[in-house]
Structures are given as C-alpha cells and as structure tokens.
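Undergrad: Residue numbers (this note's numbering), protein chains in the order written: chain D, 14 to 380; chain L, 113 to 194; chain W, 928 to 1327.
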Amino acid sequence: MKISIKGIGVLGGFGCGIAELEEALNAGKSSVSTVVIKTTAGDIDVPAFLANADMLESFVDKRNLRRIDHYTRMALLGCYLALEDADMLDVDRGHMGIVVATGYGATCNTFDLQHSVITEADPFCSPTQFSNSVHNVAATQISILLKELGPNLSVSHYDMSITSAFSSACQWLQEERVETVLVGGVDEFCKILGYFWHCLYNAGNEKVDFAGKKSPEHAIIGEGANFFVLTREKEAASPYGFIEAVRMGNFERKGINLPENAAFFIGADGYSGCDDKYESFLSEKAKVASYSHLYGGIPVGMGFDIAIAALGNKAGTVFKSAESPIYNQGRLDVIEHDEDLGSKRICCLKLGAGGSFGWIGLNRSNF
Amino acid sequence: MTIKEKLKKIIVEALNLDDITPEEIKDDEPLFGKKLGLDSIDAVEIVFQVEQHFGIGIKNMKEGRPALQSINTLAAFIEARL
Amino acid sequence: MKPVKPVAIAGIGCICSAGLILKDCIDFLYKGERHPAPPVNFSTRLTFPVFEILEDFFPSDLIKKTNLLRTCKLALTATLEAISDAELDRKILENKRVGVCIGTNVGSSMNNEAFCLDDGDGRDPFISPVKRFLISNPTSSIAAEFGTTGPLQTVVNACSSGSDALGLAASWIRSGICDVVIAGGADEMYQITYTGFKSLLINDDSPCKPFDINRKGLNLGEGAAIFILVSEEILKERKKDPRAYILGYGSASDAYHHTKTRPDGKGLKVAIQEAMETSKMVPSDIAFINAHGTGTLDNDLVESCVLNEIFPGVPFFSTKGYTGHTLGAAGAIEAAFTIACLEQGMVPANVGFTTPDPKMPPAYPVQQNSTINGNTALSETLAFGGNNSVLVLSTGEHPA
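This is how it looks when you write it as structure tokens:
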C-alpha cells in the first residue's frame, strides 16, 4: 500500500502556491521583508519572510473570515490550495482526516493575550481573542469551513511537529480510518520571535552558533503554511510520489537509521541548536540540500522541504540548494545546481531540540 | 456621541463587520437576526466590549440575553447602570 | 470502521485535586466530597472557584530537573506512579522502542510568566525563557527524564487532548512502531484559561452542577493521568496481567462552531460509532459511561440527548464536579477513573446534580454510588472547536 501525495498547498516568504515556490527555487531566493521592533534600546530592524494570505478571499466568503486571524488564514489558504491542486475542492472527499502541526501556535494572538491578562493582571480578556489563541483553532476552522466531520488532530511539538503530524496522518490511512488526510503545518511570525532572531544572530552580545558561516539568509524568521492531500493507493500513481517512511527518535541516546540511495533535505534553519550535527550522521559525500533560505527559520519548515521533494519527484529533479550551507564542513556533496533525481529517494531530515530527530522519506512513483 | 451611536461603532469595529456601517444598524432591529448574522461568540464579545467601554459587567447570559436583543435594549441596560 | 486489536494497559498514574495517586482519587470520589476555592497559584481579582492541587506533590528527589513547568511536574509525577504500577524495569524504557504521547493545552503554550513580564514592562524579553519554552512540554520532559528513544507527540486538541493521546498511542503499539508508550494528558491551572473561560461566560461562580437544571458552567481544575501501554511481547516478558485494555477509540469533528457544541450532536455520534465499531462492542456491552459533563448549558444538553439515543438505560455520570475541568488532562484522568470504577465494580454519584432539566431526556446521571455489572465502559470527551473523542476501556480478559 502506498501513501500518495495528491495535492500541495504552500505559502510563505516565497509567495503563494507551488508555482511561486518553483520560481523561488529557480531564482534561489525569496523576498525578505523588514519589520521594525521597538525595544528599550531603540528601534531595531528585523528581516522576516512574511506570508500573504489575501488569496484566501477567493476561496472563502469574507464574512466567514471576519474573526479569523492571520495564523488561521495562512493554514486555511494552505488547505484550499492543496485541495485545489488535488482537484478535490468541490467533490465528495469521502471520510477525511485533518492533521495540523504548529511549533508556536497562534503566537501574535497568544502574546497579546498574555500581555493583557498576566502583565496587566486584567481579569478580562476578549473572548474572540481567547478562542483564537487555543492551539487547535486552525484545525477547527478548517473542519468548519470544509464541513469535514472526520478525525481532527492538532500537534505542537516544536521542531518535530511536522514529523509527528505526518506519522499520525499516515497511520490513519494505513489503519483505513480515513480515505484522505489533509495534513500540514503552520507557524506565524511575531515580534517576540523577531527579537529572538536579533538576540541570537544580530545583537553582537550573544553567542552566535555559526560564527563566520552565517549567510545573510540564514535563520531569518519565516512564517507560512504547507499542506498536503494524502491518500492511500494500491500502486504509486501520483506524480508527486509517495511517502515511504516517517521516523522519529533521539539521536543523542540512540543513533539514526537513514535510508540508502537518498538525497537529504536538511532542516538546518538556525533554531534547534544542532545545525552543525547533521554532518556526523551522513555518510561521506552524501548528496544534501537545504532550502530554509527560501522559507526561513520556522518550526514547521520540514513541510516546505516535503513540498520541494514532491515537486522534485514530479520534475525528476533535485533543486539547487542554498549557497554556502552552514551545516557543511566539507564532507558532504551539496547540490549546487539542479540535477537529475535519477532513482534516488529523498529524505527530509530534521535534527531538533533535546536530541530529537525526525525524517520523512519520499520516493518517485515510477521506481 | 450618544450611547447608541457608540454601541453601533463598537459592534462594527470589535466584531469586524466591514460590510456594514454603524449607521446601517437600526436601533430596534434584532442583533442576532439574519441581517447582522451574529452568533454566540459575538454575544460574549459584546459583553466584553460593554465592560471595557462602559465599566458595566454582565455576569451571565441569563442577565445578558434580554439586554442583547437590540441596540435599544442594550442602551437601556447601560443607561440604567451608569 | 474495521475492528482493531485491544491494547494492554500495564500501569496507570493519576494526580488531581481529588488525590495525588489514582487510588486516593477514586476513594475521594466515592466519599462524595469536593472543595473548590478561588485560585491560589496565581493572583487574580476573579473569585470563580477552581480545583487546584494544594499539596507540594512533586517528588523532586526522584526527578532530575526541577526547573519545569507545573504541567510537566504533574505529568512526571503521574508517570512515576504509572511506571511503578506497571512494575516496569526502567531499563526497558531506555532499551526498547518507547514512545511518549501526551495531550495538553498549557504545556505547549508560551506560558512563561517571567517572559511575559519582561516583555510587558518595557524591558526586553530574555532569550532563556524563550529557549526554555521551545523545549519544555510534558512530552519532552518525560522523554528526557526516562531516557526514551521512540516517537514523541504532543497533542493539542484542547479539551479532548488526553483521550486523543491515548487513542493515538494505542495505534503506535498496534502498528508495531513502539513496544511501550507512555501516554496521557496533563494541564496546570493557568491564568489565561481561567480568564478566558470567564470571558466566554461559561465559568460557574459556585461549584459546578453537571446535568442539573441550575448548571451555570464549568469550574477549572488541574492534573495529569499517565498510562503505560505495552505490546504483547512486553506483556509476555513481564508475566503479569495487564490492568486493563483500550479496546477502541473514535474521534470526529462537529464542523460547526469553534466554541459552541453542535446541537444535533452529530460529531459526537460519529465518534461513538467509530469507538464502538473498532472495539466490536454493542451498547448492551457497556456497563457505564464516564460522560464529559462540564456543567455548561450546551454541552450537557447535547451530551445527554446523544447518550439517551445511543445508550438508553446505560448509567452515566460526570466526575467534573469532583476534579473540575482539567482540560488537556481531562480525557486521560477520566479514562483512569473509568478503569478504577470497573475494577471496583462501583461508580460514583454525579456530584452537583439534584434537579433534572426538563429540556433533557428523562435519563438522569448516577445519583448515588452504585454497583455496576460488566467490565467494559466508555469515556467521552468533547472539546473546544468541536473535537469529540471516545475511548472504550475494559478490565475483562482480551487475549490477543
């Protein structure tokens, strides 16, 4: 049995939809915005890969969006784009499950709320704002707007959120609990995160993890959403390929078993404190690429790598990696130009906080 | 600005009703009728806004329901407690 | 829905305001007492009663890190009890494929007060609280404490998180990706949720009254319950019968409204149907139902209608009147109570219920401690956003 990727919906600093992601892959860059953050030491400029979710209004009546904030709008748009790509917008989707991964949750809203309730000891808070801060708000709105009664799961496990979400999505399909799963990730930029970037990478008074190896794009905070329609099929038939394996574990306490004959998409985005550890788990001259220069530092970044892998499967290509990736001390074979995927599989690998790891293996349909 | 005008402005702004202006809300029309299309979260949001702007608390929906019928009933509820 | 194999529960740990271990909790329920009071864990001008754990419960000598969220401490305390109850060698936790799957709300939020104060006072937030947030949730703290190496999952399905974590964890055992799973739910009493529920006008200003005509809303609580789920292989090695089984699990969405229960209860019905089909049970197999019964107007009305329709005559009760609504922990705590009641052959009175609501079907919750027949029961949770989750649990024999 194969778990096929039928549709992809993405938005982020690179734009909106798979066509704009492909453009960014070809150009090797995404547009960076600047956010001004007030601090006690004066205003600071923080770069960020921001996502525009305005296109959602072409899928959902504006009235139904009046209480829905940017975080949930990004998730919704990711879902609609994925369903549109799968040609499943206006058809009976059968029993469908929804799985949403988020590292931070609805951060802007949550911080505002914490500010008013805790800092000002205010016994009142806006019920709309409170209900928008609950971690499953995005998954809930997706089920409401799509009228899906199937199982609905939200997971939030920082940088392992995507692997954890895909693990459950694939399990549901294998158990034949559902016929289709809409699974993906969403995370939002907020000023606290921007300030966090500033302290880690720009303030000069903090330890910079990769002194001298920073590229201007490295670790810029990103936001966006990446969603996928997964189905169960007897034979691999989708041009995006199928999901071969989803694995989680702990690399500090036990090693990692990685697949053979694979190109590795590495989730080194500057926030898990282990960007320099990838090399030790990969064999000499392993084919590697990283794409966080297109979507930024974001806990659900692996979802973008999965999208890039699926697009690569379809095109039979491994897209060129970021230049001067900070995780490579010279042992690895970084994919510097688009190259033929051949018979290789793609393994999206993330080393995370606390020694946790997650990887998702994808393979092309015709192999 | 009268209490009624203020209420209409609050409702349009806090509930993000950008397809309608405060002036379009009639004093006696049902707040939770078809035209405005408000629901239970909007009801508690109005309670919160009334508390913030007028300092008047509504403890529960038993107390709130009669007050939240229309702009008229809400304004009367507030005036009686100012 | 296809039937699934039962998954063995080797041990259970539970902590909440009713008691610091499962046995004390269940004894407390049978006594029919409760002592909700305004919160003391944070300062607030509000006086809605809550069910807090007032004892110093954390066995810090046993646990490596004390600089943890209260939610993590609750989860770790219940985990220690569960491991000891399971008589599981801690080496197994390090050597076998052990997963951790925990449901929570607070444990995944940036709920660091110091961090917020720094931000709000015009000072700049420090990096350490942000970094601490990034790695501190109950799942990670359990994995770190017990040195597990398997999959981790933190379920944030609001109030049904604890049930969902157990249902998902059972799948990990069934599909063979884990030998052992430490699963359950944990949540601490938290100012934001306390204030948030007040703003939704669904806090009761007196002790809550599930299913009663005078119910005004819920009281919040805190706690954790942790289950040790094991594979057949571990069960054989251990040479001890399991305490109970997860027979089936179902979950479904209301697809209706993000704070309001769907009036026709359709999501709940779909979840019950899935749980019953996967466990191969029919309504007459069910000895009782541990209902969600929060004490809010909508929840209790919809729930009693659905229960009356699918399980006419089957005793049901809510334990929220003894523990408060423990949010992400509720599904796990109530699953633990369900198993304890099956073991004792007795269910507690639904505290807070005195007068029936004429809007509900004429089927009332259990009004005094009652003996029950049978060894299989249902635990039900309904969440914010319309997530409904149902577990079928059994203390009978279910050889694989």
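Note that beta-carbon positions come from the ideal geometry of N, C-alpha and C, so glycine has one too.
Where does the unbroken alpha helix (DSSP H) through D/Asn376 begin, and where does it stop?
TA: The count along the first sequence starts at 1 and reaches residue 376 of chain D at position 363. Where D/Asn376 is concerned, there is no enclosing alpha helix (DSSP H), although the beta strand (DSSP E) it sits in stretches over 369-376.
Undergrad: D/Arg260 bridges to which residues according to DSSP?
TA: Reading the first sequence from its first residue, position 247 is the one you call residue 260 of chain D. In DSSP, D/Arg260 forms a bridge with D/Trp372.
Undergrad: Could you check if L/Met113 is buried or exposed, using at least 16 other CB atoms within 10 Å of its CB as the buried criterion?
TA: Taking the second sequence and counting its residues from 1, the one referred to as residue 113 of chain L is at position 1. With fewer than 16 Cβ atoms within 10 Å of its Cβ, L/Met113 is classed as exposed.
Undergrad: CB-CB under 6 Å to D/Ser369, same chain, minus the five flanking residues each way: which ones, in chain order?
TA: Within the first sequence, the letter at position 356 stands for residue 369 of chain D. These residues qualify, in order along the chain: Met173, Asn263.
Undergrad: Does the contact criterion of 3 or more C-beta pairs under 8 Å hold for the region 316-330 of chain D versus the region 295-308 of chain D?
TA: Because the criterion of three Cβ pairs below 8 Å is met, the region 316-330 of chain D and the region 295-308 of chain D touch.
Undergrad: Please specify which runs of the alpha helix (DSSP H), each continuous and at least 4 residues long, are wholly inside the region 153-192 of chain L, giving them in chain order.
TA: Runs found: 173-179, 183-191.
Undergrad: Can you name, in chain order, every residue of its own chain whose Cβ lies under 7 Å from the Cβ of W/Phe984, other than the five neighbours on each side?
TA: Numbered from its first residue, the third sequence carries residue 984 of chain W at position 57. Cβ neighbours of W/Phe984 beyond the five flanking positions: Ile942, Leu947, Thr1004.
Undergrad: If we define contact as Cβ-Cβ less than 8 Å, is L/Gln164 a contact residue for chain D?
TA: As a working note, residue 164 of chain L is residue 52 in the second sequence. Closer than 8 Å to some Cβ of chain D, the Cβ of L/Gln164 qualifies, so yes.
Undergrad: When Cβ atoms are compared, which residues of the region 136-151 of chain D fall closer than 7 Å to chain L?
TA: The region 136-151 of chain D vs chain L, Cβ under 7 Å: Phe137, Ser139, Pro140, Thr141, Ser144.
Undergrad: By a C-beta neighbour count over all protein chains shown, 10 Å radius and 16 as the cutoff for buried, is L/Arg177 buried or exposed?
TA: Taking the second sequence and counting its residues from 1, the one referred to as residue 177 of chain L is at position 65. Exposed, because fewer than 16 other Cβ atoms sit within 10 Å of the Cβ of L/Arg177.
Undergrad: Assign W/Glu1021 to one of three DSSP states: helix, strand, or coil.
TA: Translated into positions along the third sequence, residue 1021 of chain W becomes position 94. Residue state, collapsed to three classes: helix.
Undergrad: Measure the alpha-carbon distance for L/Asp131 versus D/Asp74 and round it to whole angstroms.
TA: For the purposes of this step, residue 131 of chain L is taken as the residue at position 19 of the second sequence. For the purposes of this step, residue 74 of chain D is taken as the residue at position 61 of the first sequence. One C-alpha to the other measures close to 11 Å.
Undergrad: Do you know how far the Cα of W/Leu1020 is from the Cα of W/Ser1133?
TA: As a position in the third sequence, residue 1133 of chain W is number 206, starting the count at 1. As a position in the third sequence, residue 1020 of chain W is number 93, starting the count at 1. Spanning the two alpha carbons is a distance of roughly 44 Å.
Undergrad: Anyone know if the C-beta pair for W/Tyr957 and W/Met1273 falls short of 8 Å?
TA: As a first step, residue 957 of chain W is located in the third sequence; it is residue number 30 there, counting from the start. As a first step, residue 1273 of chain W is located in the third sequence; it is residue number 346 there, counting from the start. Yes, the Cβ-Cβ distance between W/Tyr957 and W/Met1273 is below 8 Å.
Undergrad: Taking C-beta pairs closer than 8 Å, name the residues in chain L that D/Arg76 reaches, listed in chain order.
TA: Position 63 of the first sequence, counted from the start, is the residue given in the question as residue 76 of chain D. Within 8 Å Cβ-Cβ: Asp131, Gly149.
Undergrad: Using a Cβ-Cβ cut-off of 6 Å (strictly less than) and excluding sequence neighbours within five positions of D/Glu397, which residues of its own chain qualify?
TA: This structure gives no information on residue 397 of chain D, because the portion of chain D shown stretches from 14 to 380.
Undergrad: Would you identify the three-state DSSP class for D/Arg344, choosing helix, strand or coil?
TA: By one-based count along the first sequence, residue 344 of chain D stands at place 331. Reduced to three states, the DSSP call for D/Arg344 is coil.
Undergrad: Just checking, does the region 1092-1110 of chain W make contact with the region 178-194 of chain D on the three C-beta pairs under 8 Å criterion?
TA: Yes, the region 1092-1110 of chain W is in contact with the region 178-194 of chain D.
Undergrad: Let me confirm a value: W/His1219 is counted as buried when at least 16 other C-beta atoms fall within 10 Å, else exposed. Which label applies?
TA: Along the third sequence, read from residue 1 onward, the residue named residue 1219 of chain W stands at position 292. Classification for W/His1219: buried.
Undergrad: Please report the residue range of the alpha helix (DSSP H) in which D/Gln127 lies.
TA: Working through the first sequence from its first residue, we reach residue 127 of chain D at position 114. Counting along the chain, the alpha helix (DSSP H) containing D/Gln127 begins and ends at 120-127.
Undergrad: Kindly provide the ranges of any beta strand (DSSP E) runs that are 3 or more residues long and lie completely inside the region 1114-1188 of chain W, ordered along the chain.
TA: DSSP runs (the beta strand (DSSP E)) wholly in the region 1114-1188 of chain W: 1150-1157, 1171-1180.
Undergrad: Name the residue from D/Gly286, D/Val196, D/Cys287 whose alpha carbon lies nearest to the alpha carbon of D/Val23.
TA: By 1-based counting over the first sequence, the position of residue 23 of chain D is 10. Answer by Cα proximity: D/Val196.
Undergrad: Within the present structure, is the beta-carbon of D/Ala232 separated from the nearest heavy atom of the ligand GDP by less than 7 Å?
TA: Only the bare structure without any ligand can be found here, which leaves the ligand GDP out of the picture.
Undergrad: In three-state DSSP terms, what is W/Pro1065?
TA: The sequence position of residue 1065 of chain W within the third sequence is 138, counting from 1. Residue state, collapsed to three classes: helix.
Undergrad: What are the boundary residues of the alpha helix (DSSP H) that includes W/Glu1307?
TA: The residue labelled residue 1307 of chain W in the question sits at position 380 within the third sequence. Taken as a continuous stretch (DSSP letters only), W/Glu1307 belongs to no alpha helix (DSSP H), being part of the beta strand (DSSP E) at 1303-1310.
Undergrad: Quick check: D/Gly26 and D/Gly314, are their CB atoms within less than 8 Å of each other?
TA: Start at 1 with the first residue of the first sequence, and residue 26 of chain D comes out as number 13. Start at 1 with the first residue of the first sequence, and residue 314 of chain D comes out as number 301. Result no, Cβ atoms of D/Gly26 and D/Gly314 do not sit closer than 8 Å.
Undergrad: Only counting runs of 3 or more residues, tell me where the beta strand (DSSP E) segments fall wholly within the region 237-287 of chain D, in order along the chain.
TA: Runs found: 237-246, 255-263, 275-279.
Undergrad: Mind listing which residues of the region 244-267 of chain D have their C-beta closer than 7 Å to chain W's C-betas, in chain order?
TA: Within the region 244-267 of chain D, the qualifying residues are Met261, Gly262, Asn263, Arg266, Lys267.
Undergrad: W/Gly938 by DSSP, collapsed to three states: which one?
TA: Residue mapping note: residue 938 of chain W aligns to position 11 of the third sequence, counting from 1. Strand at W/Gly938.
Undergrad: Is the beta carbon of W/Ala1182 less than 8 Å from the beta carbon of W/Gly1094?
TA: Mapped onto the third sequence, residue 1182 of chain W falls at position 255. Mapped onto the third sequence, residue 1094 of chain W falls at position 167. Not closer than 8 Å, so no.
Undergrad: Going along chain D in order, which residues have a C-beta closer than 7 Å to the C-beta of L/Val156?
TA: In the second sequence, residue 156 of chain L corresponds to position 44, counting from 1. Correct list: Pro140.
Undergrad: With 9 Å as the limit, tell me which residues of the region 165-179 of chain D have their beta carbon closer than that to any beta carbon of chain W; keep them in chain order.
TA: The region 165-179 of chain D vs chain W, Cβ under 9 Å: Asn165, Leu166, Ser167, Val168, Ser169, His170, Tyr171, Asp172, Met173, Ser174, Thr176, Ser177, Ala178.
Undergrad: Assign D/Thr47 to one of three DSSP states: helix, strand, or coil.
TA: Locating residue 47 of chain D in the first sequence gives position 34, where the first residue counts as 1. The answer is strand: DSSP assigns D/Thr47 an E or B state.
Undergrad: What does the alpha-carbon distance come out to for the pair W/Thr1122 and W/Thr974?
TA: Residue 1122 of chain W sits at position 195 when you count from the first residue of the third sequence. Residue 974 of chain W sits at position 47 when you count from the first residue of the third sequence. Computed Cα separation, rounded: 11 Å.
Undergrad: Check whether the Cβ atoms of D/Asn274 and D/Lys357 sit closer than 8 Å, and answer yes or no.
TA: Within the first sequence, residue 274 of chain D is the residue found at index 261, counting from 1. Within the first sequence, residue 357 of chain D is the residue found at index 344, counting from 1. Their beta carbons are under 8 Å apart, which means D/Asn274 touches D/Lys357 by this criterion.
Undergrad: Distance cutoff 8 Å, beta carbons only. Does L/Asn128 sit that close to anything in chain D?
TA: As a working note, residue 128 of chain L is residue 16 in the second sequence. For L/Asn128, the answer is yes, since a Cβ of chain D falls inside 8 Å of its Cβ.
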